[in-house]
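Right, one structure below, let's go through it.
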Amino acid sequence: MRTAYVLGVGMTEFSKPGRPDPNYPELAHRAADAALRDAGIGYRDVEQVCAGFVHADSTAGQRAVYELGMTGIPVVNVNNNCASGSSALLYARQLVQGGLADCVLALGFEKMQRGSLGTPTHPQSANPVGKFVEALAGLHEPTGAPVVLEMFRAAGNEHSARFGTTPEQFAKVAEKNHRHSADNPYAQFRDVHTLQEILDSTAVCPPLTKLQCSPTSDGAAAAVVVSEEVVDRLGAAGRAVEIVAQALATDTTDAYDSAVNIVGTPVSRRAARQVYEQAGIGPDEIDVIELHDCFSVNEILTYEALGLCAEGEGGALVDAGATTYGGRWVVNPSGGLISKGHPLGATGLAQCAELSWQLRGEAGPRQVDGARLALAHNVGLGSAGVVTLYRMAQS
Numbered sequence: 001m002r003t004a005y006v007l008g009v010g011m012t013e014f015s016k017p018g019r020p021d022p023n024y025p026e027l028a029h030r031a032a033d034a035a036l037r038d039a040g041i042g043y044r045d046v047e048q049v050c051a052g053f054v055h056a057d058s059t060a061g062q063r064a065v066y067e068l069g070m071t072g073i074p075v076v077n078v079n080n081n082c083a084s085g086s087s088a089l090l091y092a093r094q095l096v097q098g099g100l101a102d103c104v105l106a107l108g109f110e111k112m113q114r115g116s117l118g119t120p121t122h123p124q125s126a127n128p129v130g131k132f133v134e135a136l137a138g139l140h141e142p143t144g145a146p147v148v149l150e151m152f153r154a155a156g157n158e159h160s161a162r163f164g165t166t167p168e169q170f171a172k173v174a175e176k177n178h179r180h181s182a183d184n185p186y187a188q189f190r191d192v193h194t195l196q197e198i199l200d201s202t203a204v205c206p207p208l209t210k211l212q213c214s215p216t217s218d219g220a221a222a223a224v225v226v227s228e229e230v231v232d233r234l235g236a237a238g239r240a241v242e243i244v245a246q247a248l249a250t251d252t253t254d255a256y257d258s259a260v261n262i263v264g265t266p267v268s269r270r271a272a273r274q275v276y277e278q279a280g281i282g283p284d285e286i287d288v289i290e291l292h293d294c295f296s297v298n299e300i301l302t303y304e305a306l307g308l309c310a311e312g313e314g315g316a317l318v319d320a321g322a323t324t325y326g327g328r329w330v331v332n333p334s335g336g337l338i339s340k341g342h343p344l345g346a347t348g349l350a351q352c353a354e355l356s357w358q359l360r361g362e363a364g365p366r367q368v369d370g371a372r373l374a375l376a377h378n379v380g381l382g383s384a385g386v387v388t389l390y391r392m393a394q395s
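Here the UniProt record's numbering is used: position 366 in the sequence shown is 366, and no number is missing along the way.
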């Protein structure tokens, strides 16, 4: 099987939704054009496009890339909830590895509405997370909060009841990520907050406060995925980032057993294990991680799912400073979803962009010293979990 490389990345600044312009075609154009220029190619070199989004009509990917040119190539639209961007990247990688294309554009974008994220469906359609909502109601007394908040609130409370995880430990995740985002020009929020400010911010669904929740966002991100032949032809080995291993996992029958499982933690664990097995490495060998901190609770759950620590020890990991600069790993140097923002279809590809910059040594003041192996984790409820391992191209 061939090796796939990320040769170019680009993204827009993530911003507060609610403004009519720029609309998603312009956002997608900006991100894709930046990725193509970064790769040193034009849109006519692209053989296929994989477009990830959630809240847009069925052929939004075509509408988005027509801003780049109408070349007649296949455009595949991907909707995997919050993991749509990384799922688009996965399909682009499979096309290249399988020998079906040498140059594929993975594109993710989103225009969102203000307010808490819901699960809008057609009134005659089944709710894709309906069974998870039913299972949660049988495990925890509903509070009437928006469904996604309800799920992560319950997961955090379960973790606290079982392992003693404290509100301060959850808040420390948000303090870290807001601090990291101060150096990210693409981040929706760049203000630094103290731990006490985070604890004292508006309680949205205890133990979660406003500053521990990712905002709805507008934005786009893109990656150009190519074969080794393209890298060689362009003489671009010094900039190419290898996709070493990648896995997408979905739910098994344990999904309804607990709130921690309902929010996709076992899915993340299975995908991570597959990646470690494919690459023949363990989590201790990773240097920098971008993970899906849609809420501070999920970052602590994901530490455990990715094998950074044993089950129940995620709170102690953040207490020890192990996931920030000077610690064992730097997790979410971009500021993560909490502070960088979370335009659903763009999130997984924004992670790809950040980690590509980190591995190239191009991340500026947020650069992780000596970054050699980078891991991305992106999950969508209902559930789809994508884990991707990157490194610079080997000679």
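Think of the CB as a built atom: it goes at the ideal place given N, C-alpha and C, for glycine as much as any other residue.
- Nearest Cα to S160 within the set A376, E313, V386, K340: E313.
- With contacts defined as CB atoms closer than 8 Å, G10 and A34 qualify as a contacting pair.
- DSSP, read as helix, strand or coil, puts R19 in coil.
- Inter-residue distance for D38 and A92 is about 17 Å (C-alpha atoms, whole angstroms).
- Taking C-beta atoms as the reference points, V241 and A279 fail to come closer than 8 Å.
- Around the C-beta of K210, fewer than 16 other C-beta atoms lie within 10 Å, and the residue is accordingly described as exposed.
- DSSP places R63 in the uninterrupted alpha helix (DSSP H) bounded by 60-65.
- Annotation for I289: the continuous beta strand (DSSP E) segment containing it runs 288-290.
- Counted as a single uninterrupted DSSP element, the alpha helix (DSSP H) harbouring M151 occupies residues 147-163.
- The stretch 51-70 makes contact with the stretch 340-350, as at least three CB pairs between them are under 8 Å.
- Only exposed fits R44, as fewer than 16 other CB atoms lie within 10 angstroms of its CB.
- Taking 8 Å as the upper bound for CB-CB distance, D284 and A374 are not in contact here, some 14 Å apart.
- Look at G130 here: in three-state DSSP terms it is helix.
- Check the Cα spacing between A259 and each of V387, H140, M112, T388: the tightest is with H140.
- Annotated three-state conformation of C50 is strand, per DSSP.
- For C205, the enclosing beta strand (DSSP E) begins and ends at 203-205.
- Within the stretch 356-392, complete beta strand (DSSP E) segments of at least 3 residues are found at 373-380, 384-392, given in chain order.
- Here DSSP, grouped into helix, strand and coil, assigns Q246 to strand.
- Judged by DSSP in its simplified three-state form, L95 adopts helix.
- The stretch 258-274 makes no contact with the stretch 166-173: fewer than 3 CB pairs, one atom from each, lie closer than 8 Å.
- With a cutoff of 8 Å on beta-carbon distance, V104 and L95 are scored as near each other.
- Within the same chain, Cβ atoms closer than 8 Å to the Cβ of R372 are found at D287, L359, R391, M392, the five residues on either side in sequence being excluded.
- Looking at the backbone, the Cα of E168 and that of G282 are separated by about 29 Å.
- According to the DSSP assignment, Y276 belongs to the alpha helix (DSSP H) that extends over 265-279.
- Looking at the DSSP output, L208 shares a beta bridge with C205.
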